[in-house]
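Take a look at the structure below.
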Amino acid sequence: MKKALIIMNMGGSRNKDELKEFLTNMFNDKNIINIKNDKCRSMLANFIVKTRLNNAWLGYKAIGGASPLHSITNKLIVKLTLKLKDYKVLSVMRYTKPNAQQCIDKLKKLNIQKVTLLSLYAQYSTTTTKSSIEEFMHLSNGKLNITTINNFYKNDRLNKIICDEIIKRTNNASDFNLIFSAHGLPQSVINRGDPYRIQIQEHIELIKDKLKKTNTKFETISLAYQSKVGPAAWLTPSLNDALIKYKNKKVLIYPISFIIDNSETIYELCVEYKLVAKKIGLKEYKVCSCPNDKDEVVDMIRNLL
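Take the position in the sequence shown, starting the count at 1, then add 3; the result is the number in my numbering.
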């Protein structure tokens, strides 16, 4: 075995100390906070963490004190290992452990030099895929033969998985309003040329076409953005603003930015926004699961290699 597949993601917290580590590392990332001076960025990161940590931890406590991302990723790795006999399958988390350096050290011990990096975000962004790959490439110091998969939102297998989940959640009803909820980004990131918004929009069009072929109907299909932080302008419309339009209506949410469920889907969408939906007076509010570790996801990843 001389090849490795590295599954990359943002990471997730399994206790309060790890949540502090996650937030500190994330807000120190120059792809997230666009401040060139490391010291200034670090000072701002520490301030943000200090003001956000306790409230963020309350959210984690509401879902059992841990993000599901690690456990689901580990299940996916077990399945991939059984199918990809020629690969050593490992995970790397951007802001928590196992981190890139730990993975590179393991590859060195295994004498593996041919590596494929797969960031589990279907759409490319400088804040996610670029950040993860950039760090790994920097730490590997040119000593590995690295192939990267930068996006895969056009993959037909992925889009069938998404459509199947959406259809299952509607239970053949045609009176739902489907909202694709995407992780938000500051408008300034998009203004610097980040392709994320365009790829999100293209992805939704592909899924709409696929749903149309199955004769699955909705009252409306739209895009909204979640997870805004701070006062700066972010991508719009926000999910909160989008939901207001659907008083006395049925809404189905699909978390289009993620392959694996995490705190943004399990807490933010399933807990926080469920309360928002109730307050607005939605007739019904449902959230789809991410693809996670389904067997079809394993087939999709095999298809990408």
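We treat Cβ as the ideally placed atom computed from N, Cα and C, and that holds for glycine. Keep in mind it's a predicted model, so treat the numbers as computed, not measured.
Report task. Out of Asn306, Glu222 and Asn295, point me to the one whose CA is closest to Leu123's CA. Result -> Looking up residue 123 in the sequence shown gives position 120. It is Asn295 whose Cα lies nearest to the Cα of Leu123.
Query - Chain-order list of residues whose beta-carbon lies under 6 Å from that of Pro189 (same chain, five-residue window excluded) - result: Indexing the sequence shown from 1 puts residue 189 at position 186. Result list for Pro189: Ala235 and Trp237, in chain order.
**Report entry** Rounded distance between the beta-carbons of Ala280 and Tyr288, thought under 8 Å
**Finding:** Position 285 of the sequence shown, counted from the first residue, corresponds to residue 288. Position 277 of the sequence shown, counted from the first residue, corresponds to residue 280. Going by Cβ atoms, the distance from Tyr288 to Ala280 rounds to 4 Å, so yes, they are a contact pair.
Requested in this report: Find the nearest neighbour of Thr131 within the set Glu275, Lys6, Ile283 and Met13, judged by alpha-carbon distance.
Outcome: Residue numbering aside, residue 131 sits at position 128 when the sequence shown is read from its first letter. Considering only alpha carbons, the answer is Met13.
Query raised in the report: Is the beta carbon of Val95 sitting closer than 8 Å to the one on Thr84?
Result: Within the sequence shown, numbered from 1, the residue matching residue 95 stands at position 92. Within the sequence shown, numbered from 1, the residue matching residue 84 stands at position 81. No. Outside cutoff.
Query raised in the report: Between Ala7 and Leu110, is the Cβ-Cβ spacing less than 8 Å?
Result: Within the sequence shown, the letter at position 4 stands for residue 7. Within the sequence shown, the letter at position 107 stands for residue 110. Yes, the Cβ-Cβ distance between Ala7 and Leu110 is below 8 Å.
Query raised in the report: For the alpha helix (DSSP H) that contains Val192, what are its first and last residues?
Result: By one-based count along the sequence shown, residue 192 stands at place 189. Gln190 to Asn194 is the extent of the alpha helix (DSSP H) around Val192.
Query raised in the report: Could you give the residue range of the alpha helix (DSSP H) that holds Leu278?
Result: By 1-based counting over the sequence shown, the position of residue 278 is 275. Looking at the DSSP string, the run of the alpha helix (DSSP H) that includes Leu278 is Tyr276 to Ile283.
Query - Status (buried if at least 16 other CB within 10 Å, exposed otherwise) for Ser177 - result: Reading the sequence shown from its first residue, position 174 is the one you call residue 177. Classification for Ser177: exposed.
Query raised in the report: Sorted by chain position, which residues of the same chain lie with C-beta nearer than 7 Å to Ala48's C-beta, five sequence neighbours on each side aside?
Result: Taking the sequence shown and counting its residues from 1, the one referred to as residue 48 is at position 45. Here the set comprises Thr27, Phe30, Asn31 and Ile36.
Query raised in the report: DSSP state of Thr151, grouped into three classes?
Result: Taking the first residue of the sequence shown as position 1, residue 151 is located at position 148. Residue state, collapsed to three classes: strand.
Query - Val300 - containing alpha helix (DSSP H), residue span - result: Against the sequence shown, residue 300 aligns to sequence position 297. Counting along the chain, the alpha helix (DSSP H) containing Val300 begins and ends at Asp298 to Leu307.
**Report entry** Cβ-based burial, Arg195 [other Cβ within 10 Å; buried from 16]
**Finding:** Indexing the sequence shown from 1 puts residue 195 at position 192. Result: exposed.
**Report entry** Beta-ladder partner(s) of Tyr288, from DSSP
**Finding:** For the purposes of this step, residue 288 is identified with residue 285 of the sequence shown, where counting begins at 1. Answer is Val254.
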